[in-house]
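Protein sequence lines, in the order shown, are assigned to chains A and B. Under the working numbering, think of the first position of the first sequence as 178, with each following residue one higher. Under the working numbering, think of the first position of the second sequence as 178, with each following residue one higher. The next block holds one structure in the form of structure tokens; read it before the comments.
Number of protein chains: 2
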Amino acid sequence: MGKHISIKDLAQIANVSHSTVSRALRNSPLVNAETSELIQRLANEHGYRPSWVGRSLVMRETRTIGCVVTNISDPFVGPVVRGVEAVANERNYAVFLANSNGDPYREMEVVRSFHERRVDGILVAASRVGGLYIPELAELEVPLVLINNQHSGEYAYSVSIDNPGASRDLMNHLLSLGHRRIAYIGDRGGGQSDGERRAGYELALKEAGIPLDRQLIEYGDSQPEGGCAAIRNLLRLRRRPTAVFCYNDLTALGAYAELRAAGLSAPGDISITGFDDLFFAPYLQPPLTTVRQPMHEMGRSAMTLLLELLAQNGDGAGELERNVKMSGELVVRKSTAPPGGN
Amino acid sequence: MGKHISIKDLAQIANVSHSTVSRALRNSPLVNAETSELIQRLANEHGYRPSWVGRSLVMRETRTIGCVVTNISDPFVGPVVRGVEAVANERNYAVFLANSNGDPYREMEVVRSFHERRVDGILVAASRVGGLYIPELAELEVPLVLINNQHSGEYAYSVSIDNPGASRDLMNHLLSLGHRRIAYIGDRGGGQSDGERRAGYELALKEAGIPLDRQLIEYGDSQPEGGCAAIRNLLRLRRRPTAVFCYNDLTALGAYAELRAAGLSAPGDISITGFDDLFFAPYLQPPLTTVRQPMHEMGRSAMTLLLELLAQNGDGAGELERNVKMSGELVVRKSTAPPGGN
DNA sequence: TTTAATGAATGAAACGTTAAAATCGGTTCT
DNA sequence: AGAACCGATTTTAACGTTTCATTCATTAAA
């Protein structure tokens with residue numbers, strides 16, 4: 178902020194009061210047509226741009242929202258934020274972005290910083306905030322929407338994917354191919370998504386009458402690295418799994434590499450599935466069978482929900498859907514095949 | 178923005194004037210220790226958070242910067258923004274993020290919107306702004322740093338990668354392996370990076386005494402799709418290239434897939450190189466030889482440069498490096514080998 | 001002619017903050 | 001006794017807006 182021309186400067190130039198300028202610029206009918214035109218022309222000539230900081234103070238809204246993500250360089254997060262930004266932009270909201278790096282403490286710091294900036298609303302992707310922070314969040318009185326929140330809880334609005342359903346679809350696909358020894362590689366970082374996906378995995382096994390084998394459950398870190406390490410353990414088993422359900426595509430990416438390193442390949446030796454359908458999934462060798470998450474759409478929905486929350490402001494009884502569930506779509510590619518198909 | 182407790186409310190509660198509160202909160206020595214303590218306690222109890230919008234107005238700085246990117250879901254962009262945000266955060270700046278979608282008009286719209294928000298500085302990644310907008314940018318008087326700007330020009334500060342150098346390193350690697358028919362798949366979207374990489378390609382050929390073969394130059398869109406289409410053309414050639422220099426890793430990703438579709442593989446039939454060293458490069462089959470761009474570091478540098486610009490504010494003659502060049506690092510993996518090595 | 005109503009513009013207050021200037025009772029110096 | 005200074009605080013103004021209340025001509029109605 179430096180030298181910007183203000184409404185008062187314009188007023189002086191046009192020889193009217195600053196309130197007349199204010200009205201003229203917003204096309205108020207309370208100002209004479211000619212005067213209005215003159216002022217508008219002057220404003221253009223001098224490159225006047227209204228200051229949102231001045232405006233915010235009196236209007237009591239900043240037309241700004243804050244968006245907290247774990248890590249913007251995560252290929253899952255990018256598209257979500259893009260969806261958020263798209264809607265925000267359509268409605269003339271500006272978006273503050275901050276990374277929490279998966280640290281709940283940092284996450285709250287960011288939220289506090291957004292609060293100081295007086296954002297109109299806050300969006301949190303993959304929130305780690307546990308019960309600890311809920312009281313503080315509540316007293317903030319800022320509309321809050323969680324995207325794929327990692328702790329279930331009814332204290333806020335949320336948009337998330339139907340993990341149990343998608344998980345079951347994936348398992349049914351594997352089971353119908355004839356797999357009986359199916360492993361699960363989860364995300365150590367935990368969170369709700371892992372819990373739900375694993376629950377779906379276990380439920381599907383149960384329904385198929387297959388006893389749960391503890392040895393077939395490994396944990397990674399939702400990054401390729403973790404996938405490598407996890408599948409390495411699985412390959413050491415005397416009775417190897419014939420299929421591996423990976424927590425997400427990144428885990429699967431690591432699994433792919435490790436599989437090759439062991440001289441094996443998918444789906445011939447082992448079927449592999451991912452979750453997310455990140456951009457690279459169709460280009461892998463073999464193209465990855467996975468569950469498509471409508472990431473962009475999730476971002477859009479979350480922002481739309483937030484806007485609705487903003488609109489119904491004090492009116493309270495708007496009756497908005499508190500927990501929007503979106504469904505994932507099973508995308509069958511070439512990384513899954515009947516067992517022993519080599 | 179709704180019901181927030183203000184400095185005046187606190188003043189009333191503590192029975193002092195609002196300016197005393199203001200001072201107390203900033204630990205000014207001009208206020209009595211006990212009073213100060215009392216006020217701080219009260220502030221905490223009531224969850225007081227200073228308003229940056231009020232503060233900005235009088236301080237004439239918002240401690241906010243705007244960051245324009247082409248597309249936040251691009252895996253190259255994420256890490257850059259992450260670097261930006263990391264530094265911003267360390268210094269207590271908040272970051273506005275917006276996507277330009279590669280549209281120069283939209284890019285200027287975003288810049289204007291940032292200007293209305295009175296950001297202290299602006300960062301633009303992969304800027305498309307041509308000569309058309311320079312005058313407007315200049316009169317904005319907001320410090321501006323470009324990251325990998327697509328049009329050369331001296332009107333602003335910039336941080337970018339040493340494309341010619343990296344390009345040459347890559348070519349020398351290929352040449353030293355014995356390749357003589359090397360193709361180039363560029364980025365149709367053009368821009369400076371493509372120009373520089375291609376120039377490096379041509380120069381290396383020239384230095385090696387290899388005549389340029391027009392047929393070996395194809396263009397994609399910097400996405401996997403484009404890589405597919407481009408390499409398809411190359412594979413149709415009666416005399417195929419023995420190596421392909423792809424504009425970036427995404428292009429190489431597409432090339433990989435198409436190569437396999439044709440029943441060929443790298444590096445046996447054709448060596449493939451990428452550029453960027455995106456997260457998936459080491460996990461591909463074969464692991465991709467590429468040039469590592471220090472994306473995170475570029476983001477950090479750009480933000481640091483912007484902060485320096487902000488610090489020297491009016492003082493003018495600070496003599497800062499206007500165009501920071503960072504060098505890429507050749508990362509040799511398994512996608513390159515001597516020709517005919519199959 | 002006085003009173004009302006209308007159109008167009010101005011003045012003032014408010015939003016939350018900082019900071020310069022002013023106040024004020026109490027020393028201390030000269 | 002008066003000036004000068006002290007620490008602690010208050011008053012006031014400013015930042016860029018919006019908006020409510022006011023003013024001031026004109027014109028229309030009584």
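Ideal Cβ placement from N, Cα and C applies to all residues, glycine included.
Could you work out which residues of chain A lie near residue i, taking near to mean beta carbons separated by less than 8 Å?
i	result
GLY431(B)	TYR460
List, in order along the chain, the chain B residues whose C-beta lies closer than 7 Å to that of residue i?
i	result
ARG274(A)	Sequence inspection shows Leu at residue 274(A); the Arg mentioned does not correspond to that position. Chain B residues near LEU274(A): GLU262, VAL272, LEU274.
PRO252(A)	PRO252
Give the interface partners of residue i over in chain A, defined as CB-CB distance under 7 Å, in chain order.
i	result
LYS180(B)	GLU318
ARG437(B)	GLN462
SER183(B)	Simply none; closest approach about 11 Å.
List the endpoints of the continuous beta strand (DSSP E) containing residue i.
i	result
SER335(B)	334-338
VAL319(A)	Where VAL319(A) is concerned, there is no enclosing beta strand (DSSP E), given that its DSSP letter is neither H nor E.
PHE273(A)	271-276
THR428(B)	Note, THR428(B): premise wrong, no beta strand (DSSP E); alpha helix (DSSP H) at 426-438.
LEU300(A)	298-302
SER233(A)	Counting along the chain, SER233(A) falls outside any beta strand (DSSP E), though it belongs to the alpha helix (DSSP H) covering 229-236.
VAL208(B)	Unbroken run through VAL208(B): none, as it is neither H nor E.
ARG357(B)	No beta strand (DSSP E) holds ARG357(B); DSSP gives it neither H nor E.
ILE394(A)	394-397
ARG469(B)	467-469
ILE449(B)	448-450
LEU507(B)	506-508
For a cutoff of 8 Å on Cβ pairs, would you count residue i as touching chain B?
i	result
ARG305(A)	no
PRO388(A)	no
LEU484(A)	no
THR239(A)	yes
ILE190(A)	no
GLY451(A)	no
ASN266(A)	yes
LEU234(A)	yes
GLY255(A)	yes
Could you list which residues in chain A have their beta carbon closer than 9 Å to that of residue i, in chain order?
i	result
VAL198(B)	Going along chain A, no residue has its Cβ under 9 Å from VAL198(B), so there is no contact; the nearest lies around 16 Å.
PRO401(B)	PHE456, PHE457, PRO459, TYR460
Strictly below 8 Å CB to CB, what residues from chain B border residue i?
i	result
GLU167(A)	Beyond the ends of chain A as shown, which are 178 and 519, falls residue 167(A); an answer cannot be given.
THR289(A)	The sequence shown places Arg at residue 289(A), rather than the Thr named in the question. By Cβ distance, chain B contributes ARG226.
Can you tell which of the options has its C-alpha closest to the C-alpha of residue i?
i	options	result
ARG527(A)	ALA458(A), LEU412(A), CYS423(A)	Absent from the model: residue 527(A). The displayed extent of chain A is 178 to 519, so no value can be given.
GLY366(A)	ALA315(A), GLY279(A), SER194(A)	GLY279(A)
ASN192(B)	SER213(B), LEU207(B), LEU487(B), LYS180(B)	SER213(B)
ASN410(B)	ILE394(B), ALA271(B), SER399(B)	ILE394(B)
VAL272(A)	MET348(A), PRO252(A), VAL246(A), GLU284(A)	VAL246(A)
VAL501(B)	LEU465(B), VAL336(B), ILE408(B), ALA385(B)	VAL336(B)
GLY503(B)	PRO516(B), ALA488(B), ARG469(B)	Checking the displayed sequence, the identity of residue 503(B) turns out to be Met instead of Gly. The shortest Cα separation from MET503(B) among PRO516(B), ALA488(B), ARG469(B) belongs to ARG469(B).
SER512(B)	LYS383(B), MET472(B), GLN462(B), GLU498(B)	GLN462(B)
GLY397(B)	ALA360(B), LEU382(B), LEU380(B), ALA458(B)	ALA360(B)
For chain A, check one thing: does any of its Cβ atoms lie closer than 8 Å to the Cβ of residue i?
i	result
GLY546(B)	Limits of chain B in this structure are 178 at one end and 519 at the other, which puts residue 546(B) out of reach.
ILE362(B)	no
GLY279(B)	no
ARG358(B)	no
VAL155(B)	With chain B represented from 178 up to 519, any question about residue 155(B) goes unanswered, as that position is not in the structure.
ILE249(B)	yes
ALA434(B)	yes
Since residue i is in the alpha helix (DSSP H), which residue starts that stretch and which ends it?
i	result
LEU535(B)	The first residue shown for chain B is 178 and the last is 519, placing residue 535(B) beyond what the model contains.
GLU134(B)	Nothing can be reported for residue 134(B): it is not among the residues displayed for chain B, which extend from 178 to 519.
PHE291(A)	281-293
SER199(B)	195-202
ALA407(A)	401-413
GLY260(B)	254-267
Could you tell me which chain B residues have their CB closer than 9 Å to the CB of residue i, listed as they occur along the chain?
i	result
ALA514(A)	Going along chain B, no residue has its Cβ under 9 Å from ALA514(A), so there is no contact; the nearest lies around 17 Å.
GLY377(A)	Those within 9 Å of GLY377(A) in chain B number zero; the least Cβ separation is about 26 Å.
Measuring CB atoms only, is the region 301-311 of chain A touching the region 264-274 of chain A, in the sense that at least three cross pairs come out at less than 8 Å? no
Is it the case that the region 198-211 of chain B contacts the region 185-203 of chain A, given that we only count it when at least three CB pairs across the two stretches are under 8 Å? Verdict: no, contact absent.
Do the region 468-483 of chain B and the region 313-329 of chain B meet, that is, are 3 or more Cβ pairs less than 8 Å apart? yes
For the region 279-293 of chain A and the region 330-345 of chain A, state whether three or more C-beta atom pairs, one from each stretch, are separated by less than 8 Å. no
Can you find at least 3 beta carbon pairs, one from the region 224-242 of chain B and one from the region 295-302 of chain B, that sit closer than 8 Å? yes
Do the region 389-405 of chain A and the region 347-367 of chain A meet, that is, are 3 or more Cβ pairs less than 8 Å apart? yes
Would you say the region 438-446 of chain B touches the region 429-445 of chain A, given that touching needs at least three Cβ pairs under 8 Å? no
Counting beta carbon pairs with one atom in the region 446-459 of chain A and one in the region 223-236 of chain A, are three or more of them shorter than 8 Å? no
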